[in-house]
Amino acid sequence: MAITTIRIAMLNTYMPVPTVYEAKGSFGDIFHSLLSKAAARLSPTLKIESINYDVRKGEYPSSLLDVDLILLTGSGSSAYDDDEWIHQLDAYVSDIHVNYPSIKIFGSCFGHQLVCQSLFRGHGVTVEKDPKGWELGVQTIQLTDDFRSTFMKTSKTSGLLQNSPMEDIPRNMRLQFVHSDHVKISAKEALPPSFVLFGNTEHCATQGIYQPGRVLTFQGHFEFDRFVNTETMKVFGATWKPEILEGVMKSIDADDDALLAAEMV
Numbered sequence: 685m686a687i688t689t690i691r692i693a694m695l696n697t698y699m700p701v702p703t704v705y706e707a708k709g710s711f712g713d714i715f716h717s718l719l720s721k722a723a724a725r726l727s728p729t730l731k732i733e734s735i736n737y738d739v740r741k742g743e744y745p746s747s748l749l750d751v752d753l754i755l756l757t758g759s760g761s762s763a764y765d766d767d768e769w770i771h772q773l774d775a776y777v778s779d780i781h782v783n784y785p786s787i788k789i790f791g792s793c794f795g796h797q798l799v800c801q802s803l804f805r806g807h808g809v810t811v812e813k814d815p816k817g818w819e820l821g822v823q824t825i826q827l828t829d830d831f832r833s834t835f836m837k838t839s840k841t842s843g844l845l846q847n848s849p850m851e852d853i854p855r856n857m858r859l860q861f862v863h864s865d866h867v868k869i870s871a872k873e874a875l876p877p878s879f880v881l882f883g884n885t886e887h888c889a890t891q892g893i894y895q896p897g898r899v900l901t902f903q904g905h906f907e908f909d910r911f912v913n914t915e916t917m918k919v920f921g922a923t924w925k926p927e928i929l930e931g932v933m934k935s936i937d938a939d940d941d942a943l944l945a946a947e948m949v
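Under this note's numbering, the very last position in the sequence shown is 949; numbers go up by exactly one each time.
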């Protein structure tokens, strides 16, 4: 039985808060664990290999010959910040998309925003501070019909769902959230024709984008569970009013669809 190995360059754009790092390692480590388990559920012949890079320090793969996917993690920074490492990452994503068509791209939260900023520059798409404020805890995403139909067609064609019970993509998905920036798209038609929108929540209209077989992004965090988001909010919300932080913690303590999201990736 031939093994298919997916080789991932984990582009870490931030480090987890100390309690999370001590328990689970880097965000790249967390993604590796979740994606390895998802691969095992989908196919006995699918294997995940990954290498961590800290792009804030200018670390990138020395060669792309052994890279199937670049994965951009979440960050405490903003995609529009005037930092050299962000400019470098922005250019890197664009270069990968234009010049390395066999390499797939995934971005989570900040990664989602930076991918959109990089790929849709000139298409009326911007990343900005969300005027509605923070989106936090477990929230429900309404997936678009375009995404659901396109994703299932592509997945069935690839043959990777041979062991999955997934017959269709659900209309809703619940994920953990912690973000105060968002991707603003002037109109659905602003996206290049090969892309579709992933979904929306009541708070945020652009929950991700999808280019079949090539690019996928999530605004939410399937790599965050109750523990990770709780510990993260203890740090991010340290100066917030106690009653506000208490409400956030309650919203974090809920079931989500992280397993399904990992299988999608």
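Backbone N, C-alpha and C define an ideal beta-carbon position, used for all residues, glycine too. Everything numeric in this text was worked out from a predicted model, so none of it was measured.
Local conformation of residue i per DSSP, three classes
i: Ile-732; result: strand
i: Pro-849; result: Confidence at Pro-849 is low in this model, with a pLDDT of 49, below 50, so its placement is unreliable and no value can be given for it.
i: Ile-804; result: Here residue 804 turns out to be Phe, not Ile, going by the sequence shown. Phe-804 falls in the coil class under three-state DSSP.
i: His-716; result: helix
i: Pro-745; result: coil
i: Gln-797; result: helix
i: Lys-816; result: coil
i: Leu-881; result: strand
i: Asp-941; result: coil
i: Arg-725; result: helix
i: Met-917; result: helix
i: Asp-750; result: coil
i: Arg-832; result: helix
i: Glu-886; result: coil
Residue i burial status per 10 Å Cβ neighbour count (16 or more: buried)
i: Asp-865; result: buried
i: Met-694; result: buried
i: Ala-922; result: exposed
i: Pro-702; result: exposed
i: Lys-925; result: exposed
i: Lys-918; result: exposed
i: Tyr-784; result: exposed
i: Glu-886; result: exposed
i: Ala-763; result: buried
i: Val-682; result: Outside the shown range of the chain (685 to 949) lies residue 682, about which nothing can therefore be said.
i: Ser-747; result: exposed
i: Leu-749; result: exposed
i: Glu-819; result: buried
i: Pro-815; result: exposed
i: Val-782; result: exposed
Alpha helix (DSSP H) segment containing residue i, residue limits
i: Tyr-705; result: 702-708
i: Tyr-776; result: 768-783
i: Gly-821; result: Here Gly-821 belongs to no alpha helix (DSSP H); instead the beta strand (DSSP E) covers 819-827.
i: Met-699; result: Looking at the DSSP string, Met-699 is not in any alpha helix (DSSP H), and its letter there is neither H nor E.
Run of the beta strand (DSSP E) containing residue i, from where it starts to where it stops
i: His-905; result: Run containing His-905: none; DSSP gives neither H nor E here.
i: Leu-695; result: 688-696
i: Leu-950; result: In the structure as shown, the chain begins at 685 and stops at 949. Residue 950 is therefore absent and cannot be evaluated.
i: Val-949; result: It is not in any beta strand (DSSP E) - Val-949 carries neither H nor E in the DSSP assignment.
i: Gly-931; result: Run containing Gly-931: none in the beta strand (DSSP E); it sits in the alpha helix (DSSP H), 926-936.
i: Asp-865; result: 865-869
i: Ile-789; result: 788-792
i: Tyr-625; result: This structure cannot settle anything about residue 625, because the visible part of the chain is limited to 685 through 949.
i: Gln-891; result: Element bounds for Gln-891: n/a, residue is neither H nor E.
CA nearest to the CA of residue i, picked from the options
i: Arg-867; options: Leu-798, Ser-839, Tyr-894; result: Reading off the sequence shown, one finds Val at residue 867, where the question assumed Arg. Out of Leu-798, Ser-839, Tyr-894, Leu-798 has the C-alpha closest to the C-alpha of Val-867.
i: Thr-914; options: Arg-898, Lys-837, Leu-929; result: Leu-929
i: Phe-790; options: Lys-934, Leu-900, Asp-940; result: Leu-900
i: Ala-874; options: Phe-804, Pro-815, Asp-940; result: Phe-804
i: Lys-741; options: Ile-770, Ser-727, Arg-855; result: Ile-770
i: Arg-832; options: Gly-817, Ile-825, Arg-855; result: Arg-855
i: Leu-943; options: Thr-689, Leu-719, Thr-688, Gly-712; result: Leu-719
i: Ala-723; options: Ile-690, Lys-708, Ala-889; result: Ile-690
i: Thr-890; options: Asp-752, Met-685, Gly-709, Ile-825; result: Ile-825
i: Val-949; options: Pro-700, Ile-869, Ile-754, Tyr-705; result: Ile-754
i: Pro-745; options: Asp-830, Glu-927, Ile-692, Asp-765; result: Ile-692
i: Leu-773; options: Ser-802, Asp-752, Ser-786, Gly-808; result: Ser-802
i: Ser-878; options: Thr-838, Tyr-705, Arg-910, Asn-884; result: Thr-838
i: Gly-806; options: Val-880, Gly-821, Pro-876, Glu-743; result: Pro-876
i: Ile-936; options: Glu-927, Phe-920, Val-912; result: Val-912
i: Gly-897; options: Phe-920, Thr-834, Thr-916, Ile-869; result: Thr-834
i: Leu-952; options: Asp-939, Gly-808, Ile-714, Ser-786; result: Coverage of the chain is limited to positions 685 through 949, which leaves residue 952 absent and any answer about it impossible.
Inter-residue CB distance, residue i and residue j (contact presumed, cutoff 8 Å)
i: Leu-827; j: Ala-945; result: Not really, about 11 Å apart at Cβ, beyond 8 Å.
i: Ser-761; j: Thr-810; result: Not confirmed; about 16 Å, so no contact.
i: Ser-792; j: Glu-907; result: 6 Å
i: Met-857; j: Asp-941; result: 5 Å
i: Ile-687; j: Lys-721; result: About 16 Å separates the two Cβ atoms, so there is no contact after all.
i: Gly-931; j: Phe-861; result: Not a contact, Cβ separation roughly 14 Å.
i: Ser-710; j: Asn-736; result: 6 Å
i: Gly-795; j: Gly-758; result: 6 Å
i: Thr-729; j: Met-699; result: Their Cβ separation, rounded to whole angstroms, is 34 Å, which puts Thr-729 and Met-699 out of contact at 8 Å.
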